[in-house]
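According to this note's numbering, the residues represented by the sequence shown are 461 to 588, in order.
Using N, Cα and C, we set each Cβ at its ideal position, and we do this for glycine too.
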Amino acid sequence: MHAQLKNIYNGKIDSVIIKNFSYQDRETSTVNDEIESTRVILLSSKKLTEIQIKKLDELLKSKKSYIKQRALLSHFNKKIEYFFNGNKIQDITISSMTKNITIYREEKCIYKAKMSFFLEKGIKNLEK
461 MHAQLKNIYN GKIDSVIIKN FSYQDRETST VNDEIESTRV ILLSSKKLTE
511 IQIKKLDELL KSKKSYIKQR ALLSHFNKKI EYFFNGNKIQ DITISSMTKN
561 ITIYREEKCI YKAKMSFFLE KGIKNLEK
């Protein structure tokens, strides 16, 4: 397991929410768009069940879930948020376009990589 993955939150949580966004900025817009600033629009939100949270934790801790490469774009369109006592304790941002995944714990970046097809498929299954 990658050393940084040991920092993924393992403590008590109240809820985990997966959110999907429409993300558009100058790098991801089409040629004729005149975008001056980033636009992020929430498209959907789903609270995971306890069983889904356990499956997500297994996926995130698997060596098969990550590739060491990473794209340069900062685009993201999926966010997974962990809450305890009403406070956000962990954030995971994912780009379905670049496959970048970034994990933040208490707003501090603890891991950056590219997600594998294994992880991408697992997260999509949780959203069904």
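- In the DSSP assignment, the residues bridged to residue 505 are 479.
- Each residue's CA atom was taken as its position, placing residue 542 and residue 533 some 24 Å apart.
- C-alpha of residue 563 to C-alpha of residue 553: approximately 7 Å in a straight line.
- Excluding five sequence positions before and after residue 587, the CB atoms of its chain that fall closer than 7 Å to its own CB belong to 478 and 506, given in chain order.
- If you check the CB distance, residue 502 and residue 481 come in under 8 Å.
- The beta carbon of residue 572 sits closer than 7 Å to those of 530 and 562, all from its chain and outside the five residues before and after it, given in chain order.
- Relative to the Cα of residue 483, the nearest Cα in the group 472, 515 and 537 belongs to 537.
- Uninterrupted alpha helix (DSSP H) stretches at least 4 residues long and entirely within the stretch 504 to 560 occur at 510 to 521, given in chain order.
- Per DSSP, residue 570 lies in no alpha helix (DSSP H); the unbroken beta strand (DSSP E) holding it starts and ends at 568 to 575.
- With respect to the 8 Å criterion, residue 559 and residue 574 are classified as neighbours on the basis of their beta carbons.
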